[in-house]
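Q:
Protein chains: 2
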Amino acid sequence: MIKVSIIGSGNVAQHLITTFQDLEKVGTEVELVQAFSRKRESLAHLLPFEQITTDFNDLQEADVYLITVSDDAIASVSEQLPFKNRLVAHTSGSMPLTMLKDNNRRGVFYPLQSFTKGKAVDFKNIPICVESENGTDFKVLEKIARVISDKVYGINSDQRKALHVAAVFVNNFSNHLFAIGNDICQKNQIPFDILKPLMEETVQKLQTLSPSEAQTGPAIRHDEKTLAAHEAFLDNENQLKIYKTLTQSIQEHGKEL
Amino acid sequence: MIKVSIIGSGNVAQHLITTFQDLEKVGTEVELVQAFSRKRESLAHLLPFEQITTDFNDLQEADVYLITVSDDAIASVSEQLPFKNRLVAHTSGSMPLTMLKDNNRRGVFYPLQSFTKGKAVDFKNIPICVESENGTDFKVLEKIARVISDKVYGINSDQRKALHVAAVFVNNFSNHLFAIGNDICQKNQIPFDILKPLMEETVQKLQTLSPSEAQTGPAIRHDEKTLAAHEAFLDNENQLKIYKTLTQSIQEHGKEL
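Heads up: the protein sequence lines correspond to chains X and D, in order. At position 129 of the first sequence the residue is numbered 129 (the numbering used here), and the sequence of numbers has no breaks. At position 242 of the second sequence the residue is numbered 499 (the numbering used here), and the sequence of numbers has no breaks.
(1) Using CA coordinates, which residue listed in Glu41(X), Gln159(X), Thr247(X) is at the minimum distance from Gln496(D)?
(2) On the CB-based measure, 16 or more other CB atoms within 10 Å of its CB, does Phe313(D) come out buried or exposed?
(3) Quick one: any contact between the segment 409-418 of chain D and the segment 350-369 of chain D, if contact means 3 or more CB pairs under 8 Å?
(4) Between Glu101(X) and Glu131(X), what straight-line distance do the alpha-carbon atoms span, to the nearest angstrom?
(5) Could you tell me the distance, in whole angstroms, from the CA atom of Ile17(X) to the CA atom of Ala62(X)?
(6) Grab the span of the alpha helix (DSSP H) containing Leu59(X) for me, first residue to last.
(7) Quick check on the DSSP output: what are the complete alpha helix (DSSP H) runs of length 4 or more inside the segment 382-408 of chain D, in order along the chain?
(8) Between the Cα of Glu31(X) and the Cα atoms of Ile250(X), Arg146(X), Lys3(X), Thr216(X), which residue gives the shortest distance?
(9) Exposed or buried, His433(D), counting other C-beta atoms within 10 Å across all chains shown (16 or more means buried)?
(10) Specify the secondary structure class of Ala219(X) as computed by DSSP and reduced to three states.
(11) Between Glu201(X) and Lys244(X), what straight-line distance do the alpha-carbon atoms span, to the nearest angstrom?
(12) I need the straight-line Cα distance from Gly474(D) to Val26(X), nearest angstrom please.
(13) Any beta carbon from chain X within less than 7 Å of Met456(D)'s own beta carbon?
(14) I'd like the span of the alpha helix (DSSP H) that includes Glu79(X), first residue to last.
(15) As an exercise, report each continuous alpha helix (DSSP H) stretch of at least 4 residues that is fully enclosed by the segment 410-482 of chain D, in chain order.
(16) Distance check for Phe490(D) and Leu66(X), CA to CA, integer angstroms please.
(17) Taking only beta carbons into account, state which residues of the segment 402-432 of chain D come closer than 8 Å to chain X, listed in chain order.
(18) Could you tell me which of Val203(X), Ala162(X), Thr208(X), Glu237(X) sits nearest to Asp492(D), measuring between CA atoms?
(19) In chain X, which residues lie less than 8 Å from Glu509(D) when you measure between Cβ atoms?
(20) Kindly indicate which residue of Glu399(D), Ala330(D), Ile441(D), His487(D) has the alpha-carbon position closest to the one of Pro384(D).
(21) Identify every residue that forms a DSSP beta bridge with Thr310(D).
(22) Quick one: is Gln471(D) near chain X, going by C-beta distance under 7 Å?
(23) Any beta carbon of chain A sitting closer than 7 Å to that of Thr226(X)?
(24) Taking the Cβ atom as the reference point for each residue, do Thr325(D) and Thr348(D) lie within a distance shorter than 7 Å?
(25) For Ala89(X), list the residues DSSP reports as bridge partners.
(26) So what does Lys260(D) bridge to, in DSSP terms?
(27) Val108(X) and Ala120(X) - do their beta-carbons sit closer together than 7 Å?
(28) Out of curiosity, what's the CA-to-CA distance linking Pro454(D) and Glu29(X)?
(29) For Gly511(D), which of helix, strand or coil comes out of DSSP?
(30) Sorted by chain position, which residues of the same chain lie with C-beta nearer than 8 Å to Asn428(D)'s C-beta, five sequence neighbours on each side aside?
(31) Looking at C-alpha atoms only, which residue of Phe426(D), Asn382(D), Ser294(D), Arg478(D) is the closest neighbour of Asn268(D)?
(32) Is the Cβ of Thr202(X) closer than 7 Å to any Cβ of chain D?
(33) Could you round the C-beta distance between Gln207(X) and Ala436(D) to whole angstroms and report it? I think they count as a contact, below 8 Å.
(34) First and last residue of the alpha helix (DSSP H) that includes Ser114(X)?
(35) Should Met456(D) go down as buried or exposed, given a rule of 16 or more other Cβ atoms within 10 Å for buried?
(36) Can you check whether the C-beta of Gln271(D) is within less than 7 Å of a C-beta belonging to chain X?
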């Protein structure tokens with residue numbers, strides 16, 4: 001049995017706690033022994049009183065401590081851990097393994113997903129990126145990852161940094177484009193639902209085509225008339241700037257191919 | 258029986274021809290009578306010789322003529338039609354109904370989807386935006402639309418123009434962000450597949466949340482440290498410009514809420 005302790009009480013912590021609990025019910029080699037939260041109330045809806053600690057000195061022995069706190073707090077939390085030579089992994093996409101204090105064996109356990117409160121996630125389909133300082137620790141982290149997900153990757157700190165930037169483009173930024181689509185629809189009394197099949201198809205296409213092969217629209221066609229009409233239509237400064245910037249980038253990207 | 262004639266041989270024409278043919282096999286109230294193509298070869302893999310014409314003067318009588326040519330050619334094609342007072346509709350998202358010559362009864366039949374050659378589409382899930390000059394013609398176009406799709410909307414020319422701009426944001430532009438994600442992955446020896454569940458989730462979330470509610474990431478969190486690290490990481494000028502432009506827009510959009 002691999003004993004896991006979770007440090008933190010945010011979205012990632014709560015989704016992991018729920019997932020480990022569900023897996024324990026059906027039997028698994030991973031056991032959630034304890035969770036740390038500065039405020040007990042943050043996790044009280046998920047765990048019994050005795051399984052939550054608010055004091056680092058009360059952390060029980062575990063095979064892995066998963067630090068799920070915000071990026072800025074990882075270093076400080078890892079310094080406050082009152083033990084050494086245990087396996088401690090953070091769950092951040094943007095922080096290197098070396099962000100953790102080196103008195104413990106360091107690792108990374110990064111679920112590549114955008115977690116939203118109140119939106120259930122199925123970890124089975126969430127890629128987990130694992131990194132460690134030695135092969136034995138890698139196997140432990142990999143084993144935990146495989147219990148909750150079908151998609152486990154060994155990704156080093158440099159790759160993870162690149163991956164996190166890529167994730168901002170494909171997730172945060174495309175979501176903002178969807179927000180702009182929604183704004184344009186609302187302003188013109190068009191139901192936003194009308195755009196959803198198109199948004200789904202945009203992603204589904206990439207099961208069979210590369211994004212470059214799938215690129216369509218006035219920018220890649222150099223359809224100057226439509227581009228000019230769209231720019232004239234956009235009276236929101238940010239929307240216009242995004243339209244011009246992305247059109248230019250699509251056209252220059254097309255040239256490189 | 259509603260008789261439909263398709264003018265054009267591009268992606269939209271070919272997808273419509275295939276769909277009407279499939280529906281005729283199972284029995285429907287819509288009949289594809291003829292297709293016009295400048296070059297017969299363009300449609301020879303889909304239709305028998307006698308069902309293709311290359312001469313406007315050979316166009317048979319039909320209840321609706323669907324002009325599926327490129328935006329720039331719509332006006333010229335509608336002027337070359339050697340008949341009057343028949344229902345003629347174009348299939349463009351960006352052109353007003355008035356782009357068609359007014360010697361015929363004008364309409365629009367716009368399937369809101371990005372069609373890629375070699376990628377099959379299921380029209381059932383593709384919204385079709387219908388517009389016409391009178392109620393009788395609207396009913397005819399609506400009836401054809403309902404035969405091939407479950408999602409039919411009455412959308413006027415002003416709304417369709419807005420919708421087309423919105424579609425560029427949610428489809429063309431987000432696809433380009435996916436292309437950038439792919440480029441970053443390739444450059445760092447990371448399989449692009451690792452990002453696909455995140456991309457799917459980005460769209461799926463919008464079944465239950467608005468794009469503003471679903472917005473996550475360093476921009477909306479004002480996580481200056483991560484933003485600076487990402488900007489330092491990006492050595493491609495266009496990628497950096499997009500990163501800064503979208504980050505700024507996300508932050509200003511957040512303020513408006």
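Note that the Cβ used here is the ideal one computed from N, Cα and C, for glycine as well.
A: Short version:
(1) Comparing alpha carbon positions, the residue from Glu41(X), Gln159(X), Thr247(X) closest to Gln496(D) is Thr247(X).
(2) exposed
(3) yes
(4) The sequence shown places Lys at residue 101(X), not Glu. For Lys101(X) and Glu131(X), the distance between alpha carbons rounds to 15 Å.
(5) 15 Å
(6) Taken as a continuous stretch (DSSP letters only), Leu59(X) belongs to no alpha helix (DSSP H), as it is neither H nor E.
(7) 392-405
(8) Lys3(X)
(9) buried
(10) coil
(11) 24 Å
(12) 34 Å
(13) Yes, because at least one Cβ of chain X sits closer than 7 Å to the Cβ of Met456(D).
(14) First-last of the alpha helix (DSSP H) with Glu79(X): 74-80.
(15) 414-424, 431-444, 453-461, 468-471
(16) 27 Å
(17) Lys408, Tyr410, Ile412, Asp415, Gln416, Lys418, Ala419, Leu420, His421, Val422, Ala423, Ala424, Val425, Phe426, Val427, Asn428, Asn429, Phe430, Ser431, Asn432
(18) Minimum Cα distance to Asp492(D) is reached at Ala162(X).
(19) Asn238
(20) Glu399(D)
(21) Phe293(D)
(22) It should be noted that the sequence gives Ala, not Gln, for residue 471(D). With 7 Å as the cut-off, Ala471(D) counts as an interface residue toward chain X.
(23) Note that chain A does not occur in the displayed structure, where the protein chains are X and D.
(24) yes
(25) Leu66(X), Gly107(X)
(26) Glu288(D)
(27) With respect to the 7 Å criterion, Ala120(X) and Val108(X) are not classified as neighbours on the basis of their beta carbons.
(28) 26 Å
(29) helix
(30) Ser371
(31) Ser294(D)
(32) Output row for Thr202(X): interface = yes.
(33) Contact doesn't hold; Cβ gap of about 15 Å is too wide.
(34) Run containing Ser114(X): none; DSSP gives neither H nor E here.
(35) buried
(36) No, its Cβ sits nowhere closer than 7 Å to a Cβ of chain X.
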